[in-house]
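These notes concern the structure reproduced below.
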DNA sequence: GATGAATGAGTCTTCATTCAT
DNA sequence: TATGAATGAAGACTCATTCAT
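Chains as they are written, first to last, in this note's numbering: chain Y, 79 to 277; chain S, 79 to 277; chain E, 79 to 277; chain C, 79 to 277.
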């Protein structure tokens with residue numbers, strides 16, 4: 079017999095599957111119940127309401143995403159590689175997710191919701207991503223001799239901020255399905271642009 | 079006596095107001111009718127359905143946005159100023175819009191939709207923005223001696239692409255209400271980062 | 079410039095066309111207006127309301143039907159031929175009309191309305207059809223020596239009534255698209271059944 | 079405590095009541111819900127949509143009708159009595175139903191729909207009625223010495239077909255409220271007409 | 001004489017949520 | 001613990017009709 083936590087997870091799994099495919103608004107409690115093989119009212123036994131369920135789903139999803147990227151980055155050695163890996167790993171993961179929605183692209187009427195998902199992602203991971211990037215740059219300054227304070231204008235804060243902003247642009251572009259065939263190259267170039275003249 | 083176009087505009091104005099406040103999904107035809115001081119069915123006299131109305135609204139809104147930014151940029155002389163102005167004018171306009179939604183930040187249940195609006199913005203203006211930025215860089219190369227082909231890696235395409243991506247990140251950040259108190263400074267810095275070493 | 083009667087006729091023609099295809103309930107004033115190339119409100123200038131239009135249409139339609147059948151029958155000489163022609167000409171005409179609706183047969187959702195049309199037909203022509211049939215039988219008795227009062231049970235009234243009832247059954251069957259490939263034979267047989275032993 | 083089937087039946091009962099009074103088009107889900115003392119959405123818990131409800135009602139209604147007539151006929155002994163009973167019992171039952179609509183006769187605007195009901199009846203019971211009548215005639219031929227093949231023209235198929243067609247005419251006439259005060263006599267006469275000279 | 005514009009009332013349907021069991 | 005049953009509220013959309021011009 080399952081305990082409370084397990085049932086909750088089953089429900090969240092169902093909700094996640096649906097939210098990824100249809101977005102929040104178009105996913106109904108009935109859908110979730112069906113996929114979770116539960117009665118509709120059972121959802122209300124475990125969660126206060128729809129919002130609580132979908133909030134949990136989103137938080138989970140983005141946690142995962144952040145952890146995955148972080149792990150990839152941590153396995154790199156140099157700052158430049160870390161930054162590139164950050165970009166590449168994030169894009170790759172997002173593109174992957176994007177594929178799950180593939181069919182929605184054609185289906186214009188749904189297409190608001192796909193983006194919704196991506197947009198939310200930023201809100202959840204914002205703070206820790208920025209902190210993480212800063213720490214990468216900091217390490218670069220300490221261990222690899224980068225100098226971010228050239229001519230008094232550019233500093234670590236400025237650069238990590240810029241990197242973050244760029245990252246967000248990338249995410250949106252993925253969500254809009256812009257071609258990202260040459261991810262590696264693009265990441266390479268961007269890192270070059272940002273870092274040129276800083277060492 | 080109003081002609082057809084005027085009435086349509088009245089309806090679109092009402093729809094726009096509501097879409098900005100509540101997002102598409104939460105805005106009902108009844109709401110639009112009420113705000114436009116029309117009967118619900120009147121909307122259907124002028125538009126085929128909900129989608130047609132909201133499509134028009136969004137297209138208008140983004141047209142406006144693009145034109146406003148373009149105008150501001152065109153009034154500048156140097157490439158660097160143009161790029162800065164691009165960022166500043168876009169951010170400023172978006173922040174302004176953002177204020178209209180202010181109260182929604184508290185109102186968690188609505189907040190998905192705000193972002194919806196921004197996300198769509200990208201889709202509509204994508205192409206022409208990129209082209210516009212390229213033309214700015216091109217002029218810079220021709221008239222101001224910028225050289226984007228240093229060390230074989232960076233070119234106009236790469237840079238305009240990077241600028242666009244960054245721009246998108248900025249838009250998202252605005253939509254998430256990240257502080258943009260020091261817009262001018264931030265724009266200044268970013269342009270410096272992108273252009274450093276290219277002249 | 080057209081006079082009132084002409085415009086009314088144009089409207090009725092449009093209405094008739096639509097009623098035949100879609101039935102009364104599914105035909106809207108807007109449809110009629112469009113087909114008649116008039117403004118919707120113009121219909122209300124010429125007719126009090128929807129009902130008045132459709133009433134007129136039906137009356138016309140059935141008038142035509144009756145007249146056509148009567149003409150065919152009158153051109154025959156003997157009673158037996160008249161009765162057969164009555165059946166054949168009515169069935170043929172109805173089958174013809176039926177063909178205009180052909181596509182509706184597949185389209186289940188519409189199929190109530192087709193029948194509606196036929197049913198109404200009975201109401202309008204009832205009286206005069208009965209009278210007409212009686213007169214045919216009467217002529218037969220007078221001129222051809224038929225004796226409808228055999229064994230005290232059957233009389234002209236009984237027989238004309240039976241013929242009428244049978245006729246109605248035929249109409250319904252046509253409306254339900256029952257095969258009527260062998261109309262002539264069927265008419266022949268029925269008349270034989272009814273008249274057998276009466277001369 | 080009611081089980082699913084019971085509730086469904088309650089809803090169908092309400093729907094039937096209304097359909098009989100107002101016809102399908104004019105009966106709304108709201109009406110049905112009110113009469114069934116249920117919430118409007120409850121109907122959708124038990125049935126997929128309006129069509130499913132009204133389909134069920136009609137099918138039930140006609141099933142009943144057929145069974146009732148069949149039972150009455152089966153209790154008779156001779157072919158002649160069976161045929162008469164068929165006519166009488168059918169007419170009687172229909173007239174009875176007709177009374178439920180009585181007031182609609184005045185109410186012109188509704189009167190299309192009444193007929194709708196009758197018309198549908200034919201479609202549903204068509205096949206089995208014909209088969210039943212054939213079997214009655216067959217028995218008559220076998221057990222009572224009727225000979226339907228006189229003079230090479232009339233056969234069982236022809237006669238059962240004629241009887242059915244006549245029956246349908248009767249149904250329509252009932253639906254149009256033609257007087258059927260002397261049902262027994264009329265049935266008697268018709269059977270005589272059809273069978274005269276066949277034994 | 002003709003109609004564009006406007007609409008109130010109503011239709012079917014969906015959904016999150018509650019509650020008795 | 002789990003859910004079947006029930007529903008209020010709302011949503012998009014349609015239509016016959018009116019009326020000022």
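Even glycine gets a Cβ: it sits at the ideal position worked out from N, Cα and C.
Buried/exposed call for residue i, threshold 16 Cβ in 10 Å
i, result
"residue 237/C", "buried"
"residue 98/C", "buried"
"residue 246/E", "buried"
"residue 139/S", "buried"
"residue 277/C", "exposed"
"residue 108/Y", "exposed"
"residue 209/E", "exposed"
"residue 94/S", "buried"
"residue 205/Y", "exposed"
"residue 264/S", "buried"
"residue 105/S", "buried"
"residue 239/E", "buried"
"residue 191/Y", "Note that residue 191/Y scores a pLDDT of 47, beneath 50, so its modelled location is shaky; the value from the coordinates is reported in the next line. Buried is the call here."
"residue 185/Y", "Low local confidence applies: a pLDDT of 41 at residue 185/Y is under 50, so the model's placement there is unreliable, with the coordinate-based value given in what follows. Residue 185/Y should be labelled exposed."
"residue 179/E", "Residue confidence for residue 179/E is low, a pLDDT of 49 falling below 50, so the modelled location carries little weight; the figure read from the coordinates is stated next. Under this definition residue 179/E is a buried residue."
Residue i vs residue j beta-carbon contact at 9 Å
i, j, result
"residue 232/S", "residue 271/Y", "yes"
"residue 129/E", "residue 269/E", "no"
"residue 274/E", "residue 214/E", "no"
"residue 171/Y", "residue 146/Y", "yes"
"residue 96/C", "residue 113/C", "yes"
"residue 103/S", "residue 103/Y", "yes"
"residue 223/Y", "residue 156/Y", "no"
"residue 68/C", "residue 152/C", "With chain C represented from 79 up to 277, any question about residue 68/C goes unanswered, as that position is not in the structure."
"residue 131/E", "residue 250/C", "no"
Cβ distance (whole Å) where residue i is taken to contact residue j below 8 Å
i, j, result
"residue 136/S", "residue 248/S", "Not quite, the Cβ-Cβ distance comes to about 20 Å (not below 8 Å), so this is no contact."
"residue 244/S", "residue 243/Y", "6 Å"
"residue 261/S", "residue 241/S", "No, residue 261/S and residue 241/S are not in contact; Cβ-Cβ is about 16 Å, not under 8 Å."
"residue 52/E", "residue 173/E", "With chain E represented from 79 up to 277, any question about residue 52/E goes unanswered, as that position is not in the structure."
At a Cβ cut of 9 Å, what residues of the stretch 240–255 of chain C count as close to chain E, listed as they run along the chain? Here the close residues are 240, 242, 243, 244, 245, 246, 247, 248, 249, 250, 251, 253 and 254.
I want to know whether the stretch 119–132 of chain E touches the stretch 80–91 of chain E - three or more CB-CB distances under 8 Å. The stretch 119–132 of chain E, when compared against the stretch 80–91 of chain E, does touch it at the 8 Å Cβ threshold.
Scan the stretch 97–122 of chain C for residues whose Cβ lies nearer than 8 Å to a Cβ of chain E and list them as they occur along the chain. For the stretch 97–122 of chain C, residues whose beta-carbon sits nearer than 8 Å to a beta-carbon of chain E comprise 102 and 103.
Taking a Cβ distance cut-off of 7 Å, strictly less, list which residues of the stretch 260–276 of chain C are near chain E, in chain order. Listed by position along the chain: 267, 268, 270, 271, 272, 274 and 275.
Of all the residues that make up the stretch 203–214 of chain E, which are near chain C by a beta-carbon distance shorter than 9 Å? Within the stretch 203–214 of chain E, the qualifying residues are 204.
At a Cβ cut of 8 Å, what residues of the stretch 127–146 of chain E count as close to chain C, listed as they run along the chain? Flagged, chain order: 129.
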